[in-house]
Ligand code: HEM
Ligand code: HEM
Ligand code: NFV
Ligand code: SF4
Ligand code: SF4
Ligand code: F3S
Ligand SMILES: [Mg+2]
């Protein structure tokens with residue numbers, strides 16, 4: 001709890017995000033930004049004026065090439081992240097994403113009260129993801145899956161690799177309508193755009209309101225926790241004993 | 001006691017037509033025509049984008065393909081006040097002519113011929129004699145004795161296989177067949193040749209509309225951009241192909257279709273006084289030569305003739321809500337204002353309510369409602385539409401080109417003008433208008449080339465393609481002379497969406513059930529007094545019904 | 001599955017099995033010949049034909065349709081339809097072309113159903129209305145549903161012609177007032193070949209039949225039952241305008257300068273990228289053209305539910321459940337706008353509601369900074 005007198009606090013350095021998570025994060029962010037930019041253009045091509053012959057141009061081909069290249073990076077990066085949610089440290093663990101305990105729901109409620117509804121009374125402290133963020137990342141993972149299935153199913157016809165063909169059966173999810181599949185692929189883009197807006201805002205929010213180095217944590221892996229935090233934790237643990 | 005016979009399915013037509021006829025003393029005393037399939041496309045159109053309507057209504061019929069799309073784009077253009085470029089009008093005209101030639105030839109050979117031509121009798125023909133007859137009536141090259149004898153062998157082999165396919169259970173040997181074996185053999189030969197030819201002429205649709213059946217149309221013009229200096233667009237090669245196809249079509253009509261009609265007709269002159277029916281005719285007009293807004297420039301003039309009075313041709317106004325109205329007194333629909341009301345199509349309704357017998361059934365209850373076809377009337381009058389109506393109105397309007405083809409055919413058959421009011425007249429009129437249309441198609445082609453030579457290569461007017469530029473409310477009517485007769489669509493647009501869309505179709509006019517006053521429509525009227533030698537094999541009824549070229553998917557939609 | 005009509009007993013074999021002698025058979029042939037008005041020499045030929053391979057019998061039903069599938073079929077150039085009808089199949093029932101009407105037509109159909117039980121191919125053109133006990137399509141007083149059930153029972157295989165029979169087509173478009181239903185939803189336990197398109201290309205239709213006759217079995221089908229030979233590629237992947245797409249050169253509105261140059265039609269609504277059909281390769285009417293070549297976008301006429309994926313002239317399809325005017329982008333932009341507004345409001349509120357905490361942190365930071 002913050003004391004009423006503004007006196008400098010002792011902070012401890014905590015190693016939260018291991019290098020693989022950080023690499024994953026930025027690769028993922030880059031791939032998604034590229035996929036949104038190119039995907040948007042595929043869906044809404046610009047009007048270009050050109051004096052040159054089509055044979056000398058491959059503008060749209062490049063757009064699509066970037067989309068598909070980014071798609072592969074995005075997909076395998078995601079697969080790696082799933083692996084790391086078993087192999088990595090406790091902040092990377094899959095339990096951070098799935099609301100399977102009562103405590104998880106309690107924590108989510110706390111985040112909603114404090115960070116979303118901006119109630120003043122209490123503070124919640126999370127070292128890795130807070131519960132609500134974790135849950136939203138879980139939703140994004142579902143969106144990753146949807147986007148990968150629809151994307152690779154659309155791509156199956158342009159690829160000779162058996163890999164993309166694995167997804168060609170996804171059509172039945174969409175009543176065998178490729179129109180619908182493409183529509184959902186397109187619509188899900190907006191989920192990512194909105195997620196990114198909120199996500200980046202909240203990262204800044206946390207950095208600004210809590211002052212624990214939230215933004216830089218995805219760079220160096222460190223967050224900075226107050227000494228009080230560790231003291232309280234010890235207190236709790238001894239009490240429990 | 002009269003005997004009730006049922007013909008269902010009536011085959012060699014488009015769609016699901018059922019005829020119930022009372023027969024007494026070898027003659028039809030009363031007849032009922034029923035459409036037994038419905039899709040409710042008018043209901044499906046509600047709320048959709050008016051620019052898309054041509055594609056939906058195009059699917060009303062794949063036999064008279066393209067004509068509903070044409071009527072539809074004209075309807076929407078009328079509502080939005082769009083004037084299309086001259087080239088688009090010409091391309092539409094050329095496609096229209098193509099549709100006529102295809103539809104009429106296929107009707108004559110593939111849908112109508114077996115009513116007059118006895119296929120099995122052709123097996124007994126003498127190939128030499130056949131060749132002699134063929135060469136005496138036309139210069140068509142496929143006419144050698146060897147050609148006919150090979151064909152006869154092929155036919156024999158086919159029949160001997162015991163699997164008669166489409167010929168199975170035909171009315172072969174019926175006393176109503178009058179042609180000598182040799183002319184029957186010519187008929188079979190041309191059945192097969194026409195089958196080959198018809199797939200060629202439709203390439204004109206493929207060139208301008210991308211495919212046939214169901215070529216593409218566009219509100220505001222046509223989508224086939226002219227690109228004389230480009231490999232992609234309509235350029236010299238594509239135009240040359242169109243030219244060739246139109247010339248070939250004209251040749252086929254002149255050398256095969258017309259000579260065949262004239263060769264068959266003398267054996268069936270009794271049919272020049274059977275099947276006349278209403279004697280009232282209506283034409284909306286079509287084939288503009290100076291834009292669609294100038295009806296005086298139309299190749300087919302419009303007009304109404306009542307009770308065979310060709311000295312008095314009246315005008316038609318499709319916007320006047322007193323003139324064209326549809327009734328449902330005997331059709332399986334309900335009107336909000338009661339089932340005896342007549343509604344102008346802008347106010348039209350299509351609320352279905354089947355009250356017929358529960359299938360499987362043996363007879364319809366013809367004293368009540370008995371069809372999915374509505375009953376249209378012009379100022380309360382039943383009228384016949386189609387080729388015969390067009391030829392009569394053109395003739396009565398004093399148009400020289402019409403007079404020439406009609407008078408020369410009448411002279412060759414040595415029959416008076418009144419012979420046209422009949423089953424035979426209807427079938428002959430279809431051939432005669434094909435002659436005119438084949439000629440006009442080439443004129444439109446020449447005009448298109450002249451325009452392009454003069455540097456006009458516009459094909460669409462897209463000023464109003466964007467719905468943001470439309471009035472909040474609009475209504476329009478568009479029409480065409482479809483192969484089977486006068487066709488019009490009416491639209492009401494509200495907030496850029498279709499609020500109401502109604503089609504009144506040629507076969508709706510001709511095949512409809514009775515109106516609230518009990519007046520018959522064209523089919524029923526024409527069947528009255530038709531002789532029927534053997535009620536088990538009513539080939540005579542088929543003759544008269546087929547002479548209208550029924551299209552039931554159109555009639556009901 | 002194998003479809004070899006020769007495995008079916010010929011007339012002669014059938015008679016033999018029923019205990020008739022060769023003499024009886026010849027007598028039957030003579031009677032038949034006489035009925036057909038043949039001379040004696042013809043009778044040997046009749047016998048020969050009846051002893052050898054029959055043409056494969058076909059029953060072609062017509063339901064809720066516009067008959068453009070039949071029309072398209074007769075447009076086939078290779079093989080031409082006359083040859084198919086005379087030499088390849090025995091088209092024993094089709095309302096469009098057969099000579100007999102009424103009960104004589106139905107008799108022809110029933111004869112084939114009896115004589116070739118389990119052997120004939122059933123072609124279906126049109127959808128089947130199931131609303132109100134099927135009264136919206138009746139033939140000979142029976143509903144389409146009843147006719148389909150009876151004829152399907154003895155069929156060796158079923159070919160569903162066109163989008164009507166494959167997915168309901170235009171009459172199944174919203175609100176589908178007659179409950180127009182495709183064949184595969186009504187018939188179970190029979191192989192069904194779907195040949196979608198509105199209509200399908202004539203040569204494709206003929207191709208399906210020729211495949212069955214030449215190789216004695218159904219063509220390989222994709223996972224939803226379409227012959228791979230014609231429906232494995234998207235129009236977009238075989239479209240000759242594809243280089244313009246890849247170059248980013250598009251027709252912006254009909255008949256503009258780009259249209260005259262034949263640029264890609266994507267932005268005026270081409271649905272080629274979502275449509276599986278042979279149009280780009282086989283083309284229409286003996287290779288004359290196809291929609292895109294004649295300047296109009298593909299509107300996906302071989303795809304499920306394509307009528308409700310309109311408007312035709314927008315490259316994005318409608319988004320289900322959001323009314324006719326919304327596509328994914330309009331919904332997305334509204335959502336993004338609302339989100340941005342929410343973020344702005346939250347950011348402002350944060351500065352008020354959390355002012356104390358933030359001030360403390362700042363004070364704290366300043367204190368620390370002083371110590372440096
Ligand atoms: C965050 C991830 C992604 C986003 C935001 C995204 C976005 C988009 C968008 C907006 C479109 C245009 C759709 C339209 O026509 O309206 C598109 C097309 C496409 N995307 Fe993605 N996409 C993503 C991931 C993927 C993945 C993982 C793949 C897998 C290969 C993929 C493959 C495709 C394909 C094949 C197309 C169609 C391109 C064409 O037909 O030329 N996308 N994407
Ligand atoms: C300026 C840009 C960004 C910054 C500073 C940033 C920062 C962060 C931080 C600090 C975390 C850890 C959050 C926590 O403690 O709960 C995080 C997690 C995450 N971020 Fe970002 N992010 C950025 C952009 C993006 C973008 C564009 C995406 C993708 C749309 C993205 C997707 C994710 C995901 C999926 C996680 C969860 C990571 C995991 O645990 O695997 N981020 N980000
Ligand atoms: N009746 C009719 Fe049609 C024609 N001709 C349409 O307007 O056939 Ni299908
Ligand atoms: S699929 Fe299309 S073309 Fe074939 S019958 Fe149906 S509406 Fe006509
Ligand atoms: S015209 Fe249509 S099918 Fe052809 S490349 Fe463009 S989008 Fe693809
Ligand atoms: S609309 Fe149909 S005809 Fe071919 S190009 Fe498209 S699938
Ligand atoms: Mg109507």
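Protein chains in written order, with my numbering: chain A, 1 to 241; chain B, 1 to 557; chain C, 1 to 372. Note that the Cβ used here is the ideal one computed from N, Cα and C, for glycine as well.
With respect to the C-alpha of residue 348/C, the residue from 159/A, 236/A, 208/A having the closest C-alpha is 208/A. Here residue 163/B carries a coil assignment [DSSP, helix/strand/coil]. Remark: the C-beta of residue 504/B is in contact range of ligand 7, defined as less than 7 Å to any heavy atom.
The Cβ neighbour count for residue 337/B, taken over all protein chains shown within 10 Å, is under 16; the residue is labelled exposed.
Remark: C-beta atoms of residue 327/B and residue 342/B approach each other more closely than 8 Å. Around the Cβ of residue 89/C, a 10 Å sphere holds 16 or more other Cβ atoms; the residue is buried.
The criterion of a C-beta distance shorter than 8 Å is satisfied by residue 168/C and residue 182/C.
Between residue 437/B and residue 281/B, the C-beta gap is not smaller than 8 Å, which leaves the two residues out of contact.
Residue burial is scored here from C-beta neighbours: residue 450/B has fewer than 16 other C-beta atoms within 10 angstroms and is therefore classed as exposed. Per DSSP, the unbroken alpha helix (DSSP H) holding residue 430/B starts and ends at 423-453.
Per the DSSP secondary-structure output, residue 488/B pairs in a beta bridge with 479/B, 504/B. Residue pairing by DSSP places residue 264/C opposite 250/C in a beta bridge. Within the stretch 243-255 of chain C, those residues whose Cβ lies closer than 9 Å to any Cβ of chain A are, in chain order, 243, 244, 245, 246, 247, 248, 249, 250, 252. Within 7 Å of the C-beta of residue 273/C there is at least one heavy atom belonging to ligand 5. Its Cα nearest to that of residue 45/A, the residue 246/C stands out among 290/C, 357/C, 369/C, 246/C.
If you ignore the 5 residues before and after residue 76/C, its C-beta comes within less than 7 Å of the C-beta of 202, 203, 205, 206, all in its own chain and listed in chain order. Remark: three or more beta-carbon pairs, one from each stretch, lie closer than 8 Å, so the stretch 59-71 of chain C and the stretch 90-105 of chain C are flagged as touching. According to the DSSP assignment, residue 35/B belongs to the beta strand (DSSP E) that extends over 27-35. Measuring C-alpha to C-alpha distances from residue 527/B to each of 540/B, 81/B, 536/B identifies 540/B as the nearest. Of the other Cβ atoms in all chains shown, 16 or more fall within 10 Å of the Cβ of residue 262/C; this residue is therefore buried. For residue 141/C against residue 195/C, the beta-carbon gap comes to about 29 Å, at or over 8 Å, which does not count as contact. Taken in chain order, the complete alpha helix (DSSP H) segments of 4 or more residues contained in the stretch 47-122 of chain B are 53-58, 67-80, 86-106.
Secondary structure note for residue 292/B: it is in no alpha helix (DSSP H), with a DSSP letter that is neither H nor E.
When 8 Å is used as the limit between beta carbons, residue 78/C is near no residue of chain B, the shortest such separation being about 11 Å.
For residue 123/C, there is no enclosing alpha helix (DSSP H); the residue is part of the beta strand (DSSP E) that begins and ends at 120-125. Counting only the Cα atoms, residue 84/C lies some 16 Å from residue 120/C. Contact between residue 19/A and residue 354/C is ruled out by a C-beta separation of about 33 Å, above the 8 Å threshold. The beta carbons of residue 9/A and residue 226/A sit about 5 Å from each other, so the pair counts as a contact at 8 Å.
Going by beta carbons, residue 198/A and residue 350/C fall outside the 8 Å limit. For residue 371/B, the secondary structure class from DSSP, reduced to helix, strand or coil, is strand. Contact between residue 19/B and residue 10/B holds, with the beta-carbon distance rounding to 6 Å and staying under 8 Å.
In the structure shown, residue 133/C adopts helical secondary structure according to DSSP, grouped into three states. Put simply, the backbone Cα of residue 131/C is about 12 Å away from that of residue 352/B.
Here the alpha carbons of residue 510/B and residue 548/B stand approximately 8 Å from one another.
For residue 544/B, the enclosing alpha helix (DSSP H) begins and ends at 539-547.
For residue 123/A, the number of other beta carbons within 10 angstroms of its own is below 16, and it is reported as exposed.
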